[in-house]
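Here our numbering is used: the first residue of the sequence shown is 688, the next is one more, and so on.
All C-beta atoms in this analysis are idealised placements derived from N, C-alpha and C, irrespective of residue type, glycine included.
This one's a predicted model, so the numbers in the text were calculated from it and none came from an experiment.
What follows is a set of notes on a single structure, which appears directly below.
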Amino acid sequence: MPAEAAALSAGPLRRVARVVLLDPKDRVLLLHGHEPGNLADDWWFTPGGGVEGDETREQAALRELREETGITEVELGPVLWERVCSFPFAGRRWDQDEWYYLARTSQTAIAAEGLTELERRSVAGARWWTCRELAEAHETVYPTRLAELLHRLLGEGPPDRPEILDTEIV
688 MPAEAAALSA
698 GPLRRVARVV
708 LLDPKDRVLL
718 LHGHEPGNLA
728 DDWWFTPGGG
738 VEGDETREQA
748 ALRELREETG
758 ITEVELGPVL
768 WERVCSFPFA
778 GRRWDQDEWY
788 YLARTSQTAI
798 AAEGLTELER
808 RSVAGARWWT
818 CRELAEAHET
828 VYPTRLAELL
838 HRLLGEGPPD
848 RPEILDTEIV
């Protein structure tokens, strides 16, 4: 078993809620993150984060969206995808069980005023992406198949039950 896989199975997974937020033009909102102190080690990702205390994943999704973007006018939909991932960030390994919720909003202005100290050091901004822009992007985007998944979502609508994505170990 590779060291990464051993690390993934060694402890409990962090429960995470992520949001695939679409605007009226079917653009998806992604945050631009980077390793603290290294702007060159960067990627794009959906808003979201860890479940806190006894909150539900739905509550965590809406809280994280509010904290990271300032967007509160949201219609939260079903869970689209689930995945397990493991990645190094800020000097430690993060092992996560992520649920991706579909959400819609007409509120497109971003005001990231609720970021944690670590997020302030590692989030460089946000951008609304079209499906085509994502498909043509050369940047790193998580989950890695987001362009394909978004294309299918926009063409076919949400799945009847969450799709289980491949485990990603970085």
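Burial state of residue i (16 or more Cβ within 10 Å)
i    : result
R705 : buried
R770 : buried
T854 : exposed
A747 : buried
L718 : buried
From the options, residue whose alpha carbon lies closest to that of residue i
i    : options                : result
G720 : P775, R714, D713, D729 : D729
R814 : G724, P734, R702, V738 : P734
W786 : R848, I856, A777       : R848
Q783 : R744, S773, D710, R791 : S773
F732 : R839, I758, V810, P845 : V810
Unbroken beta strand (DSSP E) run spanning residue i, endpoints
i    : result
G791 : One detail in the question is off: residue 791 reads as Arg in this sequence, not Gly. Looking at the DSSP string, the run of the beta strand (DSSP E) that includes R791 is 779-791.
E769 : 762-776
Length of the line joining the Cα atoms of residue i and residue j
i    : j    : result
I851 : E722 : 27 Å
E751 : G698 : 24 Å
A799 : E835 : 28 Å
E823 : R839 : 16 Å
Own chain, CB closer than 7 Å to residue i, minus 5 neighbours either side, in chain order
i    : result
L749 : V761, L763
V766 : W786, Y787, Y788, P849
N- and C-terminal bounds of the alpha helix (DSSP H) containing residue i
i    : result
G842 : 833-843
L709 : From DSSP, L709 is part of no alpha helix (DSSP H) but of the beta strand (DSSP E) over 701-709.
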